[in-house]
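What follows is a single structure, written as structure tokens, with notes after it.
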Amino acid sequence: MDTFALVVTIGVALFFTYTNGFHDSANAIATSVSTRALTPRAALVMAAVMNLAGAFLGSGVARTVSEGLIATPSGDRGMGILFAALVGAIIWNLVTWYFGLPSSSSHALFGGMVGAALAGGTEVIWGGVLDKVVIPMFVSPLVGLVAGYLVMCAIMWIFRRANPAKAKRGFRIAQTVSAAGMALGHGLQDAQKTMGIVVMALVIAGAEDYGDPIPVWVKIVCAVMLSLGTYAGGWRIMRTLGRKIIELDPPQGFAAETTGASIMFGSAFLFHAPISTTHVITSAIMGVGATKRVSAVRWGVAKNIVMGWFITMPAAALVAALSFWIVDLAFG
232 MDTFALVVTI GVALFFTYTN GFHDSANAIA TSVSTRALTP RAALVMAAVM NLAGAFLGSG
292 VARTVSEGLI ATPSGDRGMG ILFAALVGAI IWNLVTWYFG LPSSSSHALF GGMVGAALAG
352 GTEVIWGGVL DKVVIPMFVS PLVGLVAGYL VMCAIMWIFR RANPAKAKRG FRIAQTVSAA
412 GMALGHGLQD AQKTMGIVVM ALVIAGAEDY GDPIPVWVKI VCAVMLSLGT YAGGWRIMRT
472 LGRKIIELDP PQGFAAETTG ASIMFGSAFL FHAPISTTHV ITSAIMGVGA TKRVSAVRWG
532 VAKNIVMGWF ITMPAAALVA ALSFWIVDLA FG
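Be aware that the sequence shown starts at 232, since it is given in the numbering used here, and climbs by one per residue.
Here it is, written out as structure tokens:
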């Protein structure tokens, strides 16, 4: 196995994690910034630190990514498949970041893996893709929508006699905690996805075996790159989540973040399912906003976001397949 190919693939995986960080930093902090619970810079620092901490909380999601979606390809061809999968995900991340569309970095990666595997003649574990990717892709936004609505209804009922100004001040402080929970969940989910890819690369190179503990250095570098990307910020997407869907106040921001964080922790620890943090927080914001009145949510913007969800996997798969064919033609 070419050591250079291994190093390049791991380097590209870490760059994907960096793009994931600045692409998805809005997931954790957009609501807190839009309600002025946190300043943008303080929110980014907090999110970066909590992303770093979240990466060390488990390994179930990483195992799902490395073993449950495609058969482990072998040799230089296998490394080329991983490289092409990452290129497909990175390109789609950059395109959607440029247009300010909060699509899913997770599903860009999964789409890239499937597209590159099909192009490279490697088996796709369709049962795993269905159970761990496709079903959660549809279920998690529905859960986020309904749970966000119910949590906000509960808050409105509990604080129905509270002084509105005092309640908003209190929830603005509470949002510091809920935003930290979102960032922790983002680190738990998204850093592990790249860990899974790096583990696959090490297995292909013969440096690791499945069943071995994830090397500490893999956890550290993936967590650090995600945190650095988060600190770089994603202002275009932050504006979409924080302002364009609905104008949030502190109680609504707290409800959306609490809902999103709870779903991310539950899916990671109970089902080892790599869900999209973007899907969850966006749908939670919609559910929370609908408690005002259904027309309060700008459903036109929401529709464009949902359309982005549906095209992310096939688009990233296509780019990854093209990338593999180019790499195979050049180096095969």
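Heads up, the beta-carbon is just placed ideally off N, CA and C, and yes, glycines get one too.
Please check the pair Leu-415 and Ser-514, which I expect to be a contact at CB under 8 Å, by giving their CB distance rounded to whole angstroms. In fact, because the Cβ distance is near 19 Å, the residues do not count as touching under 8 Å.
Looking at the structure shown, is Ile-356 part of a helix, part of a strand, or coil, going by DSSP? DSSP places Ile-356 in coil when its eight states are reduced to three.
How long is the line joining the alpha carbons of Ile-296 and Lys-424, rounded to whole angstroms? Rather than Ile, the amino acid found at residue 296 in this sequence is Val. For Val-296 and Lys-424, the distance between alpha carbons rounds to 6 Å.
What does the Cβ neighbour count give for Tyr-380, buried or exposed, with the cut at 16 atoms within 10 Å? Buried, since its Cβ has 16 or more Cβ neighbours within 10 Å.
Among the residues of its own chain, which have a CB less than 7 Å from the CB of Leu-549, if the five just before and after it don't count? Only Gly-346 meet the Cβ criterion.
Cα separation between Ala-244 and Gln-483? Near 36 Å, if we compare the C-alpha coordinates of Gln-483 and Ala-244.
Who are the near neighbours of Lys-560 in its chain, counting only those whose CB is closer than 7 Å to its CB and skipping five residues on each side? What sits at residue 560 in the sequence shown is Leu, not Lys. Nothing listed; no residue qualifies.
Just to confirm my understanding: we take Met-544, look at its own chain, exclude 5 residues before and 5 after, and list those with CB closer than 7 Å. What are they? By the criterion of a C-beta distance shorter than 7 Å, Met-544 is surrounded in its chain by His-338, Phe-341, Gly-342, once the five residues flanking it on both sides are discounted.
Any idea which residues DSSP pairs Ile-494 with across the strands? None, per the DSSP bridge assignment.
Alpha-carbon to alpha-carbon, Ile-312 and Met-344: Those two C-alpha atoms are separated by around 8 Å.
Provide the residue(s) that pair with Ile-301 in DSSP beta bridges, ordered along the chain. Bridge partners of Ile-301: Val-355.
Within 10 angstroms of the Cβ of Pro-505, are there 16 or more other Cβ atoms? Answer buried if so, exposed if not. Around the CB of Pro-505, 16 or more other CB atoms lie within 10 Å, so the residue is classed as buried.
Option nearest Gln-406 by Cα separation, candidates Val-558, Ser-263, Tyr-249: Out of Val-558, Ser-263, Tyr-249, Ser-263 has the C-alpha closest to the C-alpha of Gln-406.
Count the other CB atoms, across all protein chains shown, that sit within 10 Å of the CB of Tyr-329; report buried if there are 16 or more and exposed otherwise. Counting every other CB atom within 10 Å of its CB across the protein chains shown gives Tyr-329 a total below 16, marking it as exposed.
Candidates Ser-409, Ala-436, His-417, Tyr-462: closest to Ala-268 by CA position: That would be Ser-409, whose Cα lies nearest to the Cα of Ala-268.
For Leu-245, three-class secondary structure by DSSP: Reduced to three states, the DSSP call for Leu-245 is helix.
Three-state secondary structure (DSSP) of Leu-288: Three-state DSSP puts Leu-288 in coil, outside helix and strand.
Between the beta-carbon of Phe-485 and the beta-carbon of Phe-402, is there less than 8 Å? Annotated as proximal: Phe-485 and Phe-402, with beta-carbon spacing under 8 Å.
For Ser-371, which three-state DSSP category applies? DSSP, reduced to helix, strand and coil, places Ser-371 within a helical segment of the structure shown.
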